[in-house]
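Under this note's numbering, residues 26 to 354 are what the sequence shown spells out, in order. One structure is given here, and the rest of the page talks about it.
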Amino acid sequence: MDFKDKFIGTLLGTAIGDTLGVPFEGQIREQVIRYFDDFDEFIDKNHNIFRTYSDDTQLTIHTAKAIIRAGGIEEEILIDEFIKWLNDPPIGPGFGCLSSIRKLAEGIPWKSAASNSGGNGTAMRISPIGLFYSNNIEQLKKAASLNSNITHSHPAAEAGARVVASSIAFLLYKDPNKGFSINEFFQTIINVISDKKDRIWEEFIEILNDLQNNLDMDLIDGLKKYAQIGVKPPFYIKSLENKCFVHPYTISTVVCALFIFLKNLDSFKKCIYILPTAGGDTDTCGAIGGSIAGSYFGFKNIPEKLIALVQNSKEIIQLGKELYQVSLR
Ligand SMILES: [Mg+2]
26 MDFKDKFIGT LLGTAIGDTL GVPFEGQIRE QVIRYFDDFD EFIDKNHNIF
76 RTYSDDTQLT IHTAKAIIRA GGIEEEILID EFIKWLNDPP IGPGFGCLSS
126 IRKLAEGIPW KSAASNSGGN GTAMRISPIG LFYSNNIEQL KKAASLNSNI
176 THSHPAAEAG ARVVASSIAF LLYKDPNKGF SINEFFQTII NVISDKKDRI
226 WEEFIEILND LQNNLDMDLI DGLKKYAQIG VKPPFYIKSL ENKCFVHPYT
276 ISTVVCALFI FLKNLDSFKK CIYILPTAGG DTDTCGAIGG SIAGSYFGFK
326 NIPEKLIALV QNSKEIIQLG KELYQVSLR
């Protein structure tokens with residue numbers, strides 16, 4: 026397996042999904058697909074609207090840099106990288122990350138600084154941890170939890186970070202020409218959230234089991250089913266019931282991204298075109314699903330024209346190489 030290729034593919038996949046999703050954030054899929062008959066053609070004619078990635082890719086880059094600096098996840102260095110993000114400056118940040126990291130910058134310890142957000146702001150930045158700790162699940166769980174808890178104290182955020190990191194770790198070893206066992210995949214991602222008695226984690230496991238049983242569902246029916254899965258009042262959006270509008274709650278975003286990925290295991294391009302056009306939190310659905318797809322398909326299966334859309338793509342490729350080098354130590 027060409028792991029270096031997969032490391033680069035994961036980081037680029039995040040950035041591509043994020044970049045493609047930015048222009049459509051907050052729209053339902055029915056509105057998004059009104060712009061085009063063929064998304065491929067639409068990108069060619071409108072690449073000027075895909076100008077930038079957002080906070081998802083920025084915080085993924087800072088997580089990767091923290092690992093490279095420390096040779097793993099170390100609290101102080103990770104926090105330092107998060108604080109550096111404030112000077113990037115943040116692009117389209119979520120409340121959970123911004124409010125907590127501003128407090129970290131004021132010197133408030135993370136246990137007090139973390140917001141109680143259950144949002145997807147930690148699952149979206151976790152891919153470097155999935156790559157780096159792919160052969161050590163206990164360390165992966167610990168690192169994913171710390172990365173998440175520093176900004177989000179809600180159990181859904183922590184669980185989502187673990188699920189995405191373990192998805193990436195699993196797929197890193199799989200050859201896209203050979204496929205993998207869906208059963209083994211679900212066992213792996215459920216296993217990382219089975220070691221704590223928590224009502225939200227148990228609910229997440231039930232939802233993942235339900236997802237595994239419904240993978241043959243039509244794409245649109247599935248998106249409607251999972252778009253707000255697990256979302257509780259007052260966050261549930263009644264007016265968007267039965268619409269393709271991926272909610273920014275961690276569980277619903279992660280489940281929608283997994284659903285789209287698992288239904289499109291034959292092509293990176295096919296997969297990455299659906300993720301950021303699914304409606305709702307399109308950039309983060311794109312980033313999370315893009316990181317997962319990137320770890321499976323690798324750099325060599327990503328079309329050149331999609332890489333060309335990414336701002337700083339050369340730096341991201343270099344970062345993937347460096348993260349891979351550090352992982353060999
Ligand atoms: Mg974003």
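Even for Gly, the Cβ is constructed at its ideal location relative to N, Cα and C.
With a Cβ-Cβ cutoff of 9 Å, do residue i and residue j count as a contact?
i: Gly143; j: Pro180; result: yes
i: Ile21; j: Gly155; result: Summary: the structure shown does not reach residue 21, with the chain confined to residues 26 through 354, and so no result is reported for it.
i: Thr309; j: Met149; result: yes
i: Leu111; j: Thr88; result: no
i: Val271; j: Gly319; result: no
i: Leu244; j: Ile207; result: no
i: Tyr321; j: Pro201; result: yes
i: Phe229; j: Ile299; result: no
i: Lys128; j: Leu344; result: no
i: Gly247; j: Lys288; result: yes
i: Ser178; j: Asn141; result: yes
i: Leu36; j: Ile225; result: no
i: Thr85; j: Gly121; result: no
By DSSP, does residue i sit in helix, in strand, or in coil?
i: Gly304; result: strand
i: Ser206; result: coil
i: Tyr298; result: helix
i: His272; result: coil
i: Gly144; result: strand
i: His177; result: strand
i: Ile41; result: helix
i: Ile116; result: coil
i: Glu266; result: coil
i: Leu240; result: coil
i: Thr35; result: helix
i: Pro48; result: helix
Between the alpha carbons of residue i and residue j, how many angstroms are there, rounded?
i: Phe217; j: Ile297; result: The displayed chain sequence assigns Val, not Phe, to residue 217. Their backbone Cα atoms lie some 26 Å apart in a straight line.
i: Asn172; j: Lys325; result: 29 Å
i: Glu183; j: Leu353; result: 27 Å
i: Ser264; j: Lys346; result: 45 Å
i: Gly315; j: Pro115; result: 20 Å
i: Ile214; j: Ser170; result: 14 Å
i: Ile254; j: Gly34; result: 29 Å
i: Ala282; j: Ile313; result: 7 Å
i: Val57; j: Gly46; result: 10 Å
i: Thr278; j: Asn160; result: 26 Å
i: Lys295; j: Pro301; result: 11 Å
i: Asn1; j: Phe61; result: Examination of residue 1 is not possible in this model, given that the chain is present from 26 through 354 alone.
i: Val335; j: Cys269; result: 26 Å
i: Arg94; j: Asp65; result: 38 Å
i: Lys199; j: Phe205; result: 7 Å
i: Ala40; j: Asp27; result: 20 Å
i: Pro273; j: Ala186; result: 14 Å
i: Ser292; j: Lys330; result: 15 Å
i: Ala252; j: Phe32; result: 29 Å
i: Tyr349; j: Lys29; result: 6 Å
i: Asn73; j: Asp220; result: 46 Å
i: Phe210; j: Asp63; result: 31 Å
Starting from residue i, follow its DSSP beta bridges and name the residues at the other end.
i: His87; result: None, per the DSSP bridge assignment.
i: Ile53; result: Gly304
Taking a cut-off of 5 Å, which residues have a beta-carbon closer than that to any heavy atom of ligand 1, in chain order? Ser79, Asp80, Asp81, Gly117, Asp308
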